[in-house]
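Undergrad:
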Amino acid sequence: MNTRTLTLALGAAIIVVANAVALGGVAWNRSGEPESRLALSQRELAKTAEWRAHHEDSGLALSLKWRIPRAGQEAYEKNGYWSYGGSPSWLDERRLAELGFDVERAKAQGAGQQPYLRKSEREVLVVLELAGAAWEQALEGARRNLADKQAALAAEPDAEQAIRAEKQARDWLEREERHNSRLFAIDAGTDLAGLRAQYPDRSRYMILTAHLRLHRSANGDEVVLGGYLNTRAGHRINVPHALRGAFAAARVAEVYEVYEASGAAPFGVVLAVGRRLEPWIESVVQR
Numbered sequence: 021m022n023t024r025t026l027t028l029a030l031g032a033a034i035i036v037v038a039n040a041v042a043l044g045g046v047a048w049n050r051s052g053e054p055e056s057r058l059a060l061s062q063r064e065l066a067k068t069a070e071w072r073a074h075h076e077d078s079g080l081a082l083s084l085k086w087r088i089p090r091a092g093q094e095a096y097e098k099n100g101y102w103s104y105g106g107s108p109s110w111l112d113e114r115r116l117a118e119l120g121f122d123v124e125r126a127k128a129q130g131a132g133q134q135p136y137l138r139k140s141e142r143e144v145l146v147v148l149e150l151a152g153a154a155w156e157q158a159l160e161g162a163r164r165n166l167a168d169k170q171a172a173l174a175a176e177p178d179a180e181q182a183i184r185a186e187k188q189a190r191d192w193l194e195r196e197e198r199h200n201s202r203l204f205a206i207d208a209g210t211d212l213a214g215l216r217a218q219y220p221d222r223s224r225y226m227i228l229t230a231h232l233r234l235h236r237s238a239n240g241d242e243v244v245l246g247g248y249l250n251t252r253a254g255h256r257i258n259v260p261h262a263l264r265g266a267f268a269a270a271r272v273a274e275v276y277e278v279y280e281a282s283g284a285a286p287f288g289v290v291l292a293v294g295r296r297l298e299p300w301i302e303s304v305v306q307r
């Protein structure tokens with residue numbers, strides 16, 4: 021066997037082994053009863069960038085649209101914005117220490133020399149809550165905001181600024197009720213069993229892997245440490261070939277949109293999460 025033939029044979033063998041390992045991992049992930057199973061809608065899913073390429077032979081994938089609980093002014097100004105990453109307020113210094121970070125070491129390093137911060141990223145488990153208390157809080161914030169703007173308009177019915185603010189508040193409440201994602205990142209940890217005991221409803225809470233890194237900010241003279249949660253790499257959901265036709269006219273948000281454009285049919289997806297905490301689509305229902 022010449023060198024070229026041997027190289028081709030080795031290359032083919034590596035591909036076969038890699039595919040076998042990948043397929044074995046998928047099979048293991050989907051074996052047995054799913055770790056969680058949630059009924060999502062178009063509100064919680066977005067097209068990835070390659071979807072827009074429309075290559076006949078390319079795989080299609082969706083991404084989870086999740087949000088961060090916010091309070092006060094941000095509750096209705098920013099809460100509809102979904103992301104693949106963010107800094108939840110509940111990731112304070114106490115929680116970061118519980119997750120194994122050396123908070124004091126990170127705070128002690130100078131602003132220009134932060135090797136610990138640069139190398140701080142680690143894998144954690146994130147809890148995503150569907151249509152629960154965090155979404156109810158967002159709804160309530162939007163309703164309070166509208167009530168405040170309506171009161172201001174009643175006091176000054178001809179004020180242009182008050183008219184605009186009242187309309188924006190009404191539009192915002194409608195988006196919160198009908199369009200914005202209802203999926204919120206509410207907790208993180210390292211112990212799957214412990215998190216599942218705390219959030220036992222497997223139809224409301226999914227637990228997935230995520231990456232968490234530290235970041236510093238200043239509050240006057242005080243250094244404040246926070247955490248940036250990144251789920252982009254781990255939450256890509258491949259669409260099975262047999263189900264791609266269901267998304268042809270579906271209202272799926274583009275990857276950089278804030279909420280869905282109107283005019284397309286809404287849909288529902290049953291999303292299962294397996295043993296390796298990797299999600300997959302079990303079924304799609306047009307509505």
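Residue numbers for the sequence shown follow the numbering used here, so the first one is 21 and each next one is one higher.
Beta carbons are placed, not taken as given, at the ideal position from N, Cα and C, and that holds for glycine.
1. Nearest CA to the CA of Val243: which residue from Ala126, Ala59 and Phe267?
2. Provide the residue span of the beta strand (DSSP E) that contains Gly246, from first to last.
3. For the stretch 190 to 241, which segments carrying the alpha helix (DSSP H) assignment without a break, of at least 4 residues, lie completely within its bounds, in sequence order?
4. Restricting to Cα atoms, I'd like to know which of Lys139, Trp86, Ile227 and Glu194 is closest to Arg2.
5. Thinking C-beta only, is Leu80 closer than 9 Å to Leu65?
6. Are the CB atoms of Leu232 and Glu141 within a distance shorter than 9 Å?
7. Using alpha carbons as the reference points, say which of Gly209, Ala151 and Ile301 lies closest to Val144.
8. Under the three-state reduction of DSSP, which class applies to Arg296: helix, strand or coil?
9. Ignoring anything shorter than 3 residues or poking outside the stretch 117 to 173, list the beta strand (DSSP E) runs there in chain order.
10. With a threshold of 9 Å between beta carbons, is Glu156 in contact with chain D?
11. Expressed to the nearest angstrom, what Euclidean distance is found between the alpha-carbon atoms of Lys67 and Leu82?
12. Buried or exposed for Arg184, going by 16 or more other Cβ atoms inside 10 Å?
13. Apply the 10 Å Cβ neighbour rule to Pro18 and answer buried if 16 or more other Cβ atoms are within range, or exposed otherwise.
14. Could you say which of Leu297, Val304, Val293 and Trp300 lies nearest to Phe287 if we only look at CA atoms?
15. Return the Cβ separation of Asn200 and Arg63 in integer angstroms, given the expectation that the two are a contact with Cβ distance under 8 Å.
16. Is the distance from the Cβ of Gly265 to the Cβ of Asp112 below 9 Å?
17. Among the residues of its own chain, which have a CB less than 6 Å from the CB of Ala153, if the five just before and after it don't count?
18. Can you tell me whether Gly120 is buried or exposed, with buried defined as 16 or more other CB within 10 angstroms of its CB?
19. Let me make sure I understand the geometry here. Which of Arg138, Tyr225, Ile257 and Ala158 has the alpha-carbon closest to that of Leu234?
20. Rounded to whole angstroms, what is the Cα-Cα separation between Asp178 and Ala172?
21. At what residues does the beta strand (DSSP E) containing Leu58 begin and finish?
22. Under DSSP, the beta strand (DSSP E) around Ala66 begins and ends at which residues?
23. Can the beta-carbon of Asp211 be found closer than 9 Å to that of Val147?
TA: Considering the structure as presented:
1. For the purposes of this step, residue 243 is taken as the residue at position 223 of the sequence shown. Of Ala126, Ala59 and Phe267, the residue nearest in Cα terms is Ala126.
2. For the purposes of this step, residue 246 is identified with residue 226 of the sequence shown, where counting begins at 1. It spans Glu242 to Asn250 - the beta strand (DSSP E) in which Gly246 sits, taken as one unbroken run.
3. Scanning the stretch 190 to 241 from its first residue to its last, the whole alpha helix (DSSP H) runs of 4-plus residues come out as 212 to 218.
4. Because the chain in this structure spans residues 21 to 307, residue 2 falls outside the shown range and cannot be described.
5. Position 45 of the sequence shown, counted from the first residue, corresponds to residue 65. Position 60 of the sequence shown, counted from the first residue, corresponds to residue 80. No; because the gap between Cβ atoms is not below 9 Å, this pair is not in contact.
6. The residue you call residue 141 lines up with position 121 of the sequence shown. The residue you call residue 232 lines up with position 212 of the sequence shown. Cβ distance < 9 Å, so Glu141 and Leu232 count as in contact.
7. On the sequence shown, residue 144 is found 124 positions in, with the first residue counted as 1. Selection Gly209, Ala151 and Ile301 evaluated against Val144 yields Gly209 as nearest (Cα-Cα).
8. Indexing the sequence shown from 1 puts residue 296 at position 276. Arg296 falls in the coil class under three-state DSSP.
9. Look at the stretch 117 to 173 and you find these whole runs of beta strand (DSSP E), each 3 residues long or longer: 142 to 150.
10. Absent here is chain D; the protein component of the structure consists of one chain.
11. In the sequence shown, counting from the first residue as 1, residue 67 sits at position 47. In the sequence shown, counting from the first residue as 1, residue 82 sits at position 62. Rounded to the nearest angstrom, the two C-alpha atoms are 5 Å apart.
12. Translated into positions along the sequence shown, residue 184 becomes position 164. Counting every other CB atom within 10 Å of its CB across the protein chains shown gives Arg184 a total below 16, marking it as exposed.
13. The chain is shown from 21 up to 307; residue 18 falls before or after that span and cannot be answered.
14. For the purposes of this step, residue 287 is identified with residue 267 of the sequence shown, where counting begins at 1. Phe287 has its Cα closest to that of Val304, out of Leu297, Val304, Val293 and Trp300.
15. As a first step, residue 200 must be located in the sequence shown, where it is residue number 180. As a first step, residue 63 must be located in the sequence shown, where it is residue number 43. Indeed they touch by this definition, with Cβ atoms about 7 Å apart.
16. Within the sequence shown, residue 265 is the residue found at index 245, counting from 1. Within the sequence shown, residue 112 is the residue found at index 92, counting from 1. Their beta carbons are not under 9 Å apart, which means Gly265 does not touch Asp112 by this criterion.
17. By 1-based counting over the sequence shown, the position of residue 153 is 133. Cβ neighbours of Ala153 within its own chain (closer than 6 Å, five residues either side excluded): none.
18. If you number the sequence shown from 1, residue 120 lands on position 100. So Gly120 ends up on the exposed side.
19. Within the sequence shown, the letter at position 214 stands for residue 234. For Leu234, the nearest C-alpha among the options comes from Arg138.
20. Stepping through the sequence shown from its first residue, residue 178 is reached at position 158. Stepping through the sequence shown from its first residue, residue 172 is reached at position 152. In this structure, the CA atom of Asp178 is about 11 Å from the CA atom of Ala172.
21. By 1-based counting over the sequence shown, the position of residue 58 is 38. Looking at the DSSP string, the run of the beta strand (DSSP E) that includes Leu58 is Ser56 to Ser61.
22. For the purposes of this step, residue 66 is identified with residue 46 of the sequence shown, where counting begins at 1. Ala66 -> beta strand (DSSP E) spans Leu65 to Lys67.
23. Along the sequence shown, read from residue 1 onward, the residue named residue 211 stands at position 191. Along the sequence shown, read from residue 1 onward, the residue named residue 147 stands at position 127. Taking 9 Å as the cut-off, the beta carbon of Asp211 is found no closer than this to the beta carbon of Val147.
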